[in-house]
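Okay, structure first, notes after.
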Amino acid sequence: MSWFSRLLGARDIPGVALTARQEQLLGGWQQLPDADLRRSHYRSRYVVIDVEASTGNPDTARLLSIAAVAVIDGQISFLDAWRLVLEEQAAGADPVPSPAVAATESLAGSSLADELISFLGFVGKAPMVAYNARFVRRLLQRTLAEHLGVRLRLPWLDLAWILPDLFREVDAGPARLDAWLEHFGISSIRRHEALSDALATAQLMQIAVAHAARKGIDTPANLRELEKARRHMHQSA
1 MSWFSRLLGA RDIPGVALTA RQEQLLGGWQ QLPDADLRRS HYRSRYVVID
51 VEASTGNPDT ARLLSIAAVA VIDGQISFLD AWRLVLEEQA AGADPVPSPA
101 VAATESLAGS SLADELISFL GFVGKAPMVA YNARFVRRLL QRTLAEHLGV
151 RLRLPWLDLA WILPDLFREV DAGPARLDAW LEHFGISSIR RHEALSDALA
201 TAQLMQIAVA HAARKGIDTP ANLRELEKAR RHMHQSA
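Throughout the sequence shown, residue numbering follows UniProt numbering, covering 1 to 237 in sequence.
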């Protein structure tokens, strides 16, 4: 590890070889201030994440793609999205249509480390949102640890726990994203394609934020508390 990385505390896990430029960019990201989770939803930036993976086991899966869509001040930012495709579709697969968002794409010739640093730069220190976040979080944590030597410690919100508490009248079944999309009339251009699913999940987040604010759950911290309480109630049942 170089003197620059040690100075900035850029990496938590030794033994990952990065260039001086990569360490500088990573150190700059580490030095960003943490998000203020007590700010209103309408003064906050959330980043909704979806991934594609080779298997359903986050400890062994190969990451195929990552996509992220920002929800800023309660609104989806169609000009604030990011996508990385690590592996092309299988031969003969139908082409994946692009959602109506202007996603920053991975650059040809970039290394995986460069692209993961770009991903961290896009996220900043914003709260990260996913549906069934445990899988997404663990896969990203493992990938970032292996390729950047970074432990991702950003706050996460899981809509699979938050939505049932906000909309108790809806019987969506356990962990069923499709049921929530159908209930709110949200179309995913292509299910299980990361950017398409991230955009659909961002629309769910937009609905959740608006409904939560009307109930006085008006900050990211409040949503985290709601999720924590529901998890505790479920574990105690």
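Every residue gets a Cβ at the ideal spot worked out from N, C-alpha and C, and that includes glycine.
Task: Nearest-angstrom Cβ-Cβ length linking S65 and A194, presumed shorter than 8 Å - done: The pair is a contact, with the Cβ atoms about 4 Å apart (cut-off 8 Å).
- [ ] Report the residue from A213, L32, R45 whose alpha carbon sits nearest the alpha carbon of W156.
- [x] Taking only the C-alpha atoms, the option nearest W156 is R45.
TODO: Look up D50 in the DSSP assignment and say whether it is helix, strand or coil.
DONE: Under the three-state reduction of DSSP, D50 is assigned to strand.
Open item on the list: Does F119 come out as helix, strand or coil in the three-state DSSP assignment?
Closed with: Here DSSP, grouped into helix, strand and coil, assigns F119 to helix.
Task: Residues of its chain near E141, where Cβ-Cβ distance is below 8 Å and the 5 sequence neighbours each way are ignored - done: Glu is not the amino acid found at residue 141; the sequence shown has Gln there. Taking C-beta separations shorter than 8 Å and ignoring five residues to either side along the sequence, the partners of Q141 in its chain run R151, L152, following chain order.
TODO: Taking all protein chains shown into account, decide if A17 is buried (16 or more other Cβ within 10 angstroms of its Cβ) or exposed.
DONE: Exposed is the call here.
Task: Burial state of D73, where buried means 16 or more other Cβ atoms lie within 10 Å - done: So D73 ends up on the exposed side.
TODO: Name the one or two DSSP bridge partners that D165 has.
DONE: Answer is none; D165 lacks a bridge partner.
TODO: Inspect the beta-carbon positions of A126 and L154 and report whether they are closer than 9 Å.
DONE: For A126 and L154, yes; Cβs fall inside 9 Å.
Task: Candidates F167, D171, K228: closest to M205 by CA position - done: The shortest Cα separation from M205 among F167, D171, K228 belongs to F167.
Open item on the list: Just verifying my parser: in three-state terms, what is the DSSP assignment at F135?
Closed with: Helix.
Open item on the list: I'd like the span of the alpha helix (DSSP H) that includes D178, first residue to last.
Closed with: Residues 177-183.
TODO: Taking only the alpha-carbon atoms, compute the straight-line gap between H41 and A160 and give it to the nearest angstrom.
DONE: Spanning the two alpha carbons is a distance of roughly 19 Å.
- [ ] Please classify V69: does DSSP put it in a helix, a strand, or coil?
- [x] If DSSP states are grouped into helix, strand and coil, V69 belongs with the strands.
- [ ] Could you name the residues of the same chain whose beta carbon sits closer than 8 Å to that of T219, not counting the 5 residues immediately before and after it, in chain order?
- [x] Around T219, the same chain offers L37, R38, R39, S40, H41, S44 as residues with beta carbons nearer than 8 Å, after the five sequence neighbours per side are excluded.
- [ ] Can you check DSSP and say which residues form a bridge with L63?
- [x] Beta bridge pairing from DSSP links L63 with A53.
- [ ] Indicate the three-state DSSP secondary structure (helix, strand or coil) for R45 in the structure shown.
- [x] R45 falls in the strand class under three-state DSSP.
Task: the ligand NAP heavy atom lying under 8 Å from the CB of L64 - done: Although the ligand NAP was asked about, the structure shown includes no ligands whatsoever.
Open item on the list: According to DSSP, is A221 part of a helix, a strand, or is it coil?
Closed with: Reduced to three states, the DSSP call for A221 is helix.
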